[in-house]
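Below: one structure, written as structure tokens.
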Amino acid sequence: MTAQDFLCKALRRGESSTLKKRFGQHFLTDPSILRRIVQFARLTPEDTVVEIGPGAGSLTLALAAAVHRVIAIEIDRALIAELRARLPSNVEIIEGDALEAVLPQIPFHVVANLPYNIATPLLRRFIDYRDQILGITVMIQKEVADRLSANPRTRDYGPLSVLIQYYATVAYGFTVPPGAFKPPPKVNSAVVRIDWKPRVPDDKRFTGFVHKAFSSRRKKLANNLQSMFGSESRAQILQRLESAGIDPNARPEELSVAEFLRVYNQFRM
407 MTAQDFLCKA LRRGESSTLK KRFGQHFLTD PSILRRIVQF ARLTPEDTVV EIGPGAGSLT
467 LALAAAVHRV IAIEIDRALI AELRARLPSN VEIIEGDALE AVLPQIPFHV VANLPYNIAT
527 PLLRRFIDYR DQILGITVMI QKEVADRLSA NPRTRDYGPL SVLIQYYATV AYGFTVPPGA
587 FKPPPKVNSA VVRIDWKPRV PDDKRFTGFV HKAFSSRRKK LANNLQSMFG SESRAQILQR
647 LESAGIDPNA RPEELSVAEF LRVYNQFRM
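Residue numbers (the numbering used here): 407 to 675.
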């Protein structure tokens, strides 16, 4: 059975539409895009790749031909038996939720068409696996891709922008139209590659700090910091911002990554 035959069978199943909505499944069917994704990922024949949501296995097959080992995490039990039956021996299918599944302890790449409904939390989770993940090449909603490299003072800029740009560089590959999928999503998609910056200090508290700083996006940063550090007076909060070189009236979306780091270091003292 070809990937296309398998896809058609999956889409004909009576329960399939419910599963697709629940799991954010949109199956990529354009072989030229599959080839471009694998090429953009800069893989070697010795690599191990983790794929999230293999679906009908089209990208999985392309990856299996390019690398030593593919570990595919699939939550849709209705797909798993057929995936295991038709994929080559260097592919291991793991049933589970990618937000909770145990990831390999060996170095690996992430290459995937991420389920749209969990793309953002998955990207946040990958940050915690920087020691194992060699690189990330994923297809995501274009609006999420835009957030990754957004600049301060723009609509797309938020906590994910700050954290990804602190830990990594983002390369924008190409845009993928809805017609490349079955069923077609309502939005454009984009392929991006995320490469970790070397020697960035690992501080999980910074992640929490950034998320809390954006907790009330339209409030001034000083107000959000007051909620975070209730034991400090308003005057102390403003003094720390001044020491960091930050306008006391600034809102969180106005700060660059470097400015966020300066503020964080003031409150970590």
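We treat Cβ as the ideally placed atom computed from N, Cα and C, and that holds for glycine.
- The alpha carbon of Ala504 has as its nearest neighbour, out of Val669, Ile486, Glu457 and Ser567, the alpha carbon of Glu457.
- Put simply, the backbone Cα of Glu488 is about 43 Å away from that of Lys618.
- Counting along the chain, no alpha helix (DSSP H) covers Arg623, and no H or E run does either.
- Less than 7 Å separates the beta-carbon of Leu627 from that of Ala656.
- Inclusion of Ile533 and Tyr563 in the CB contact set at 7 Å is not warranted, their separation being larger than that value.
- A straight line joining the alpha-carbon of Leu485 with that of Pro565 spans about 34 Å.
- Tyr578 has Val598 as its beta-bridge partners, per DSSP.
- Sorting Met545, Leu667 and Leu569 by C-alpha distance to the C-alpha of Ile524 places Met545 at the top.
- Arg475 is the residue among Ile512, Phe587, Arg475 and Glu648 whose C-alpha sits nearest the C-alpha of Ser495.
- Here His432 carries a coil assignment [DSSP, helix/strand/coil].
- Inclusion of Val517 and Gln547 in the CB contact set at 7 Å is not warranted, their separation being larger than that value.
- Take the alpha-carbon of Glu660 and the one of Gly636: they are about 23 Å apart.
- Around the C-beta of Gln571, 16 or more other C-beta atoms lie within 10 Å, and the residue is accordingly described as buried.
- Listed in chain order, the non-local C-beta contacts of Leu440 below 7 Å within the same chain comprise Leu434, Ser464, Leu465 and Ala468, local neighbours out to five positions each way being set aside.
- The beta-carbon separation of Ala650 and Gln672, rounded to 5 Å, stays under the 8 Å limit for a contact.
- Rounded to the nearest angstrom, the gap between the Cα atoms of Thr543 and Pro590 is 21 Å.
- Partner residues in the beta bridge of Phe514, as assigned by DSSP, are Ile539.
- Assignment of Arg475 by DSSP, reduced to helix, strand and coil, places it in the strand class.
- In this structure, Val597 lies near Phe580, with their beta-carbon atoms less than 7 Å apart.
- Cα atoms of Ile512 and Gly541: separation of roughly 13 Å, rounded to the nearest angstrom.
- Measuring C-alpha to C-alpha distances from Ser662 to each of Glu480, Arg448 and Val616 identifies Val616 as the nearest.
- The beta-carbon distance between Arg536 and Trp602, rounded to whole angstroms, is 5 Å. This is short enough to meet the 8 Å contact definition.
- Distance between Gly459 and Asn629, taken at the CA atoms: about 40 Å.
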